[in-house]
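J.: Residues 91 to 411, numbered by my numbering, are exactly what the sequence shown covers, in order. All C-beta atoms, glycine included, are put in the ideal place defined by N, C-alpha and C.
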Amino acid sequence: MVRRTLATAVAVSLLGLAACSGDGAEKAYPEMEAKEVADGVWAVVSPARSFPDEENRGWNSNMAFVETGEGVLVFDTGSSETIGESLKATIREVTDAPIRWVINSSSHGDHWLGNHAFAGEDTTFLASEEVRSITETEGDTWRERVHQMTGGATGDTTLHPPKEVVAESESRTFGTVEVEMRLVGNAHSPGDLVLWLPDQEVLLAADVAFGDSAPATMDADVRHWIDTLGELEALEPEVVVPGHGRIGEGEAILADLRGYLDTLWETVEAGYERGEQDFEMRDEVDEALADHAERYPNYDERIGESISHVYLQVEEAAFGG
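1. Can you tell me the Cβ-Cβ gap for Val127 and Val292, rounded? I've got them flagged as a contact below 8 Å.
2. By DSSP's criteria, Glu260 is part of a beta bridge. Which residues make up the other side?
3. May I ask you to report which of helix, strand or coil DSSP gives Asp282?
4. Using CA coordinates, which residue listed in Pro252, Thr357 and Gly245 is at the minimum distance from Phe215?
5. Is it buried or exposed, Val135, if we count other Cβ atoms within 10 angstroms and call 16 or more buried?
6. How long is the line joining the alpha carbons of Gly112 and Ser176, rounded to whole angstroms?
7. Along the chain, which unbroken stretches of the beta strand (DSSP E) at least 3 residues long are found entirely within the stretch 113-182?
8. How is Arg94 classed by DSSP in three states: helix, strand or coil?
9. If you reduce the DSSP assignment to three classes, tell me which class Glu395 lands in.
10. Taking all protein chains shown into account, do 16 or more other C-beta atoms lie within 10 angstroms of the C-beta of Ala380, making it buried, or fewer, making it exposed?
11. Within its chain, find whatever has a CB closer than 7 Å to the CB of Gly335; leave out the 5 residues flanking it on each side and keep chain order.
12. Exposed or buried, Met308, counting other C-beta atoms within 10 Å across all chains shown (16 or more means buried)?
13. Within this structure, are the beta carbons of Thr180 and Thr266 separated by less than 8 Å?
14. What is the rounded straight-line gap between the Cα of Tyr350 and the Cα of Leu322?
15. Between the stretch 337-352 and the stretch 361-368, do at least 3 Cβ pairs fall closer than 8 Å?
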């Protein structure tokens, strides 16, 4: 195993440079840094707080990996094969152990379009049934969507859907590391899956958690998401690695997002009961979420559509949905 003495961060300074992939082809990689958040658990955090775009070159989501003693477990691979290759190079700055497992957390393409970078006979790809199905039926759509959003900055991506289904929440030992794979249903998006590492007290939460970033809600079941965050808080994690934004200490990052969503729901619900339309609620929502708006740099980008999404769910609930 190869590890630098500075255990807290490993910089892979490849931005704007050409690097060779395993097949000898030259590709430009985004700059990545791996941070060890617990013994053998590493997070790779994107600085972006937006959707994939030309500026961030498609890298807007966080990823993680775990040294298990018998190989590496990778959690999410990014929104392109190029980003997956960059993640792979970052892992190789930490360890030369074989990459044996890849787990995809979400049906959104920014968490699995990088899978092909890790394709190999000895690598197993896992996801929930919903995520596996969407990667197979909507893979071309997601690849084209990200390609257009980034102005082609993501380059060429070969689709590689996960094949092994995590059918129910279960505890499994990967190498010497106990991992609880928790299916949490459609919280942020269909088929959400999070990893709880009880011995390390680390929660790899993917898009069920956002740090210093307003969440996207287009595919969310917001009431279920609020309940899910409460259940994850009860684990009392020491560290939470979210799908977007900064790493959080303890369950506070979960409580912060739960407070944001709960306040958003209650404010929209109150406006709905007064007979207001969604576009009439912005001032009330901004006032209620003022503290979050100050801390979330992408608040203005997300809040308008989130009000509309929640409004539709409030309306559905009012009619017994």
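T.: Well, looking at it:
1. 6 Å
2. Met271
3. strand
4. Pro252
5. buried
6. Bear in mind that the predicted position of Gly112 carries a pLDDT of just 40, short of 50, making it unreliable; the figure below should be weighed with that in mind. C-alpha separation (whole angstroms): 12 Å.
7. 116-118, 122-128, 131-134, 153-157 and 162-165
8. With a pLDDT of only 33 at Arg94, under 50, the local geometry of the prediction cannot be trusted, and no value is derived from it.
9. helix
10. exposed
11. Arg139, Phe300, Gly301, Asp302 and Ser303
12. exposed
13. no
14. 16 Å
15. no
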